[in-house]
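Residue numbering for the first sequence is 16 to 542, as defined by the working numbering. Data first, discussion second: the structure below is written as C-alpha cells.
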Amino acid sequence: MYWADELAAAVAGPQVVNDSKSPSGTVHVGSLRGVVLHDAIHRALLGAGLPSRFLYGVDDMDAMDSQALLTPDAVDRYMGAPLCRVPAPEGSSAANYARHFVGEIFFRTFEPLGIKPEFYWVSELYADGRMDGCVKLALDRADRVRSIYLRVSHVERSSSWLPIQVVCENCGRIGTTYATDWDGSTVAYTCKPDMVSWAKGCGHEGRMSPFGGRAKLPWNLEWAAKWGLLGVTIEGCGKDLATAGGSRDRSDAISREVFEVEPPRNVTYEFLNIGGRKMSTSKGQGVAAHTIAEVLPPEQLRFLFLRPRPNQVIDFDPEGDTIPRLFDEFDRIAAATAGREVKGELPADYDRLFTYSLLGPSPDVPAAAAAFRPAFAHLALLLQIPGVSIAERIEAEKGAPLTDLEAAILTERTVAARAWLDSYAPERARLVVRHDAVPLEVAALDEAQRGYLAALSVAAATENPRSGDVWQGLIFRVASESGLASGRAFAALYAAFLGRANGPRAGWLLASLEPAFVLDRLRAAAG
RNA sequence: GGGCCGGUAGCUCAACGGUAGAGCAAAUGACUCUUAAUCAUUAGGUUGAGGGUUCGAAUCCCUCCCGGCUCACCA
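The structure is reproduced here in C-alpha cells:
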C-alpha cells in the first residue's frame with residue numbers, strides 16, 4: 016500500500032495535520048518536501064473517509080536572526096526582535112516581515128503546488144491569550160522542564176532558568192532576554208548584551224507579566240503547546256529534528272509530562288541532496304526552491320517528493336539526465352494509470368503515486384492520466400530548431416487536436432524545457448548549428464557518406480527544396496539512390512551541420528537554414 | 001560519540017520471506033519519414049563482509065566494513 020494510504024489506514028477518527036515554518040530562513044527545495052508530504056497525508060486521510068484539517072503555522076514570534084534579510088541600517092534595530100514586529104522590506108505592502116515572507120515565499124512556491132492549508136499565526140495565539148494556559152503551566156512546572164532537558168537531551172539548565180522568552184519592554188527584542196523568578200503572575204528579566212552572538216540586548220532589567228503576547232515559549236515548548244491547543248494528531252518533521260535525544264524527543268516528553276497531552280504521530284522525512292551532496296544555502300546554486308520550480312512544473316515536483324518513502328534520501332542532481340528522466344517516469348506512470356501498456360516494471364501503487372502528484376484536492380485522475388504528454392527531451396530538441404511550430408508538431412505526433420488540458424501541459428513543459436536548456440541541460444542536449452566552420456566530426460565520415468553529401472548538394476541545387484517535408488523527402492531519396500542506409504545518411508548530415516551523431520529531424524533543420532549556407536556546407540563537408 | 005538512510009548488472013534503481021528484475025549505457029541486427037525515436041536479439045550478478053534464524057534470506061536478527069546526511073549551542 017502507498018505510504019500515505021498506509022498511514023491513513025492506521026488511524027481512526029478526525030485528524031488534524033499540522034506543519035509549520037519559521038519565516039526567518041529562505042525556502043530551499045528540501046523544505047518543500049515537508050509541505051508536500053503533509054499535503055499528501057491530508058489527502059490520504061480525506062480519501063480514507065476521515066475528517067481531516069491541514070493546518071500551517073507561521074512561527075512569527077521567533078526572533079529575527081538572519082542579517083541577510085535586513086537592510087544594513089535595520090540590523091541594529093531589529094536583529095533579535097520578533098519577526099511579527101519587524102517591518103516588511105522596502106517596497107512590500109505587507110504589515111510586517113513575517114507577513115511579507117508568507118506572501119512572497121508561500122504563495123509563490125506552495126500554492127502552485129496545489130497546497131492550501133489553513134493558516135495561522137503563532138503571534139496571534141499569544142496575543143489573543145490562547146497560549147496563556149500553556150505559558151502558566153510551563154512556568155509552574157519549570158523544574159519538570161529542566162529535568163526533561165537533562166534526561167532526554169543531556170542539556171543542563173541553570174536552576175534559575177525559566178522556559179520563557181519575554182519581549183524586552185525597552186528595546187522590543189525577544190532573542191536577548193533571560194527570565195528568572197516566576198512568582199505566579201510576573202517574571203524578572205534582563206535584556207542581555209551578550210545573550211546571543213547575533214543580536215545585542217539593551218541591558219534593560221525589569222519585571223513583567225508573560226501573558227497576552229508579551230512573551231513566547233522556547234521552541235520545544237511552543238511546539239508541544241501547539242499540539243495540545245490545536246489538537247494536532249499527525250505532524251512529521253525532518254530528520255534533523257527527529258534524531259535521538261533531539262528536538263522531537265524533547266517536545267514529545269514536554270507534551271506528555273508538562274502539558275499532559277499525547278503528542279501527534281510523527282512521520283520523519285529525509286532530506287533532499289543535490290548531486291550526492293547536501294544542499295548548501297550559502298554556496299547555493301540551483302538550491303532555492305524557485306530555481307528548481309522553474310525547471311520542474313508542480314506535478315513533477317510533487318512526484319519527485321512523493322515517489323520515495325518519506326524516510327528515504329532523495330538525491331536530486333539537476334545536471335545530466337535527471338530531469339528528462341523524471342518527466343519520462345512521470346509520463347510512464349501516467350500511461351500505466353490510464354491503463355495503457357508500458358515497458359518495464361512499475362513501482363507499487365503507481366496509480367496512488369500519480370494521484371497524489373496531481374494538484375489537489377480532488378483531481379480528475381482519469382483525464383490527467385489519459386492526457387497526451389510530449390516527451391520532455393524531444394520537446395527540448397524541437398525548441399532549438401528555428402521555424403518549427405511546436406504546437407503543430409506535437410499535434411501531428413498525437414494525431415489529433417490537443418485538448419485544453421494537453422495544451423496547458425504543453426505550455427508548461429515548453430517553459431520548463433527552455434529553463435532547462437538555459438540552466439542544467441548537458442552539452443549533448445544543446446543544438447548549435449556550426450555556422451562558422453565545418454565541424455571536426457566530419458573527418459570521421461567515410462567515402463560513401465561524403466559521396467552522399469555531394470549528391471545531396473547537387474540534387475538540392477537543382478530542386479531547390481524549401482520546406483521541411485520536401486527536404487526530408489529529398490534526403491531519403493538521395494540516400495536510396497546512393498545505396499546508403501538512411502541512418503548513415505542522417506549521421507553524415509548531423510556531423511556536417513551540428514558536429515553530432517544525431518539530431519532533430521534533418522529536413523526541418525535544413526529548411527530553417529539559409530539555402531546558400533546549406534549548399535556550401537554540403538559541398539565543404541563532402542570534401 | 002549518538003541517530004537516520006544507503007551499499008543489488010558499467011550507471012540509476014526495483015524487488016523488502018518464495019525461481020534476482022527494469023531503465024539507461026554496451027554489442028548485434030532491422031527501419032523511406034517522431035532520429036536523445038522505434039523494434040528485435042545478446043551479454044552482463046557469490047545482492048559490501050562474516051555469522052545466525054528459516055524448508056527457503058537481497059529481504060529478518062547480530063557483528064563488522066564503506067559512503068552520505070544529521071544531532072550534540074539556538075530555533
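The C-beta atom is built at its ideal place from N, Cα and C for all residues, glycine as well.
Pick from the options: whose alpha carbon is nearest that of residue i?
i, options, result
"L436", "Q399, A469 and A475", "Q399"
"G129", "F318, L397, A510 and Q327", "F318"
"P278", "G260, G542, T306 and I249", "I249"
"P441", "A257, V160, P378 and E334", "E334"
"D419", "A470, V430, A406 and N111", "A406"
"G246", "N479, A24, M16 and G28", "G28"
"E285", "S46, Y17, V211 and A531", "S46"
"R92", "R538, G216 and S438", "G216"
"S501", "Y467, V473 and M79", "Y467"
"H53", "R222, D34, S175 and L417", "D34"
"T205", "S175, G199, G62 and W234", "S175"
"L384", "L396, K36 and R355", "In the sequence on display, residue 384 carries Ala and not Leu. Measuring from the Cα of A384, the nearest candidate turns out to be R355."
"V380", "A526, L65, I348 and V447", "I348"
"A444", "C149, G64, H169 and T337", "T337"
"V211", "N185, R538, M79 and A110", "M79"
"N613", "S168, W136, V447 and A531", "With the chain covering only 16 through 542, there is no way to say anything about residue 613."
"D535", "L446, A470, P104 and A353", "A470"
"V181", "S138, A507 and A351", "S138"
"I56", "V44, H43, G514 and A24", "A24"
"V31", "R68, R538 and A214", "R68"
"D461", "G542, A257 and D143", "G542"
"L306", "A415, Y439 and A89", "The displayed chain sequence assigns Thr, not Leu, to residue 306. Of the listed residues, the one whose Cα sits closest to T306 is Y439."
"G187", "M16, V167 and G218", "G218"
"A203", "A351, S108, S107 and E184", "E184"
"I269", "R166, Q315 and P208", "R166"
"Q327", "R428, R48 and V26", "R48"
"R428", "V170, L524, A474 and L316", "L316"
"L140", "W242, G64, W213 and H43", "W242"
"I163", "K207, V26 and E272", "E272"
In the DSSP assignment, what are the bridge partners of residue i?
i, result
"V73", "K36 and W136"
"D330", "N288"
"G253", "Y284"
"Q180", "K231"
"T545", "Residue 545 cannot be examined here, being either before or after the span of the chain that is shown, 16 to 542."
"Q30", "S67"
"R222", "A203"
"P97", "A78"
"H450", "In the DSSP output, where bridge partners are listed per residue, H450 has none listed."
Sorry if obvious, but does the Cβ on residue i come closer than 8 Å to a heavy atom of the ligand NAP?
i, result
"T258", "The model on display carries no ligand, and the ligand NAP is accordingly not part of it."
Please check the pair residue i and residue j, which I expect to be a contact at CB under 8 Å, by giving their CB distance rounded to whole angstroms.
i, j, result
"N281", "R263", "6 Å"
"P454", "R58", "Not really, about 52 Å apart at Cβ, beyond 8 Å."
"F512", "R449", "7 Å"
"D20", "R367", "6 Å"
"W18", "R324", "5 Å"
"F125", "V50", "6 Å"
"L154", "I179", "6 Å"
"L70", "C149", "At roughly 17 Å, the Cβ-Cβ gap does not stay under 8 Å, so L70 and C149 are not in contact."
"V160", "L236", "7 Å"
"I409", "L417", "7 Å"
"A432", "L394", "5 Å"
"A257", "T283", "4 Å"
"A539", "E456", "In fact, because the Cβ distance is near 13 Å, the residues do not count as touching under 8 Å."
"S472", "L425", "Contact flag wrong, Cβ pair sits at about 36 Å."
"A516", "A506", "6 Å"
Pair every Cβ in the region 309–325 with every Cβ in the region 335–351, then say whether three or more of these pairs are closer than 8 Å.
With a cut-off of 8 Å, the region 335–351 and the region 309–325 count as touching, because enough Cβ pairs lie within range.
contact_flag[the region 356–365, the region 115–123] where n(CB pairs < 8 Å) is 3 or more:
Output reads no: the region 115–123 does not touch the region 356–365.
Between the region 224–232 and the region 250–262, can you find at least three pairs of beta-carbon atoms closer than 8 Å?
Short answer: they don't touch.
Ordered list of alpha helix (DSSP H) runs contained in the region 501–541, each at least 4 residues:
DSSP assignment within the region 501–541 yields the following whole alpha helix (DSSP H) runs of 4 residues or more, N-terminal first: 501–513, 521–526 and 530–541.
Would you call the region 92–103 and the region 67–77 in contact, with 3 or more CB pairs under 8 Å?
For the pair of segments examined, the region 92–103 was found to touch the region 67–77: the number of CB pairs separated by less than 8 Å reaches three.
In the region 372–400, which residue ranges form an unbroken beta strand (DSSP E) of at least 3 residues, counting only runs that do not cross its ends?
Here no run is fully enclosed.
Please determine if the region 419–430 and the region 387–398 are in contact, where contact requires at least 3 C-beta pairs separated by less than 8 Å.
In short, these stretches touch, since the Cβ pair count reaches three.
Report yes or no: do the region 506–521 and the region 478–488 share at least 3 C-beta pairs separated by less than 8 Å?
Three or more beta-carbon pairs separated by less than 8 Å link the region 506–521 to the region 478–488, which places the two stretches in contact.
Count Cβ pairs between the region 192–207 and the region 218–226 that sit closer than 8 Å; are there 3 or more?
Enough Cβ pairs lie closer than 8 Å, so yes.
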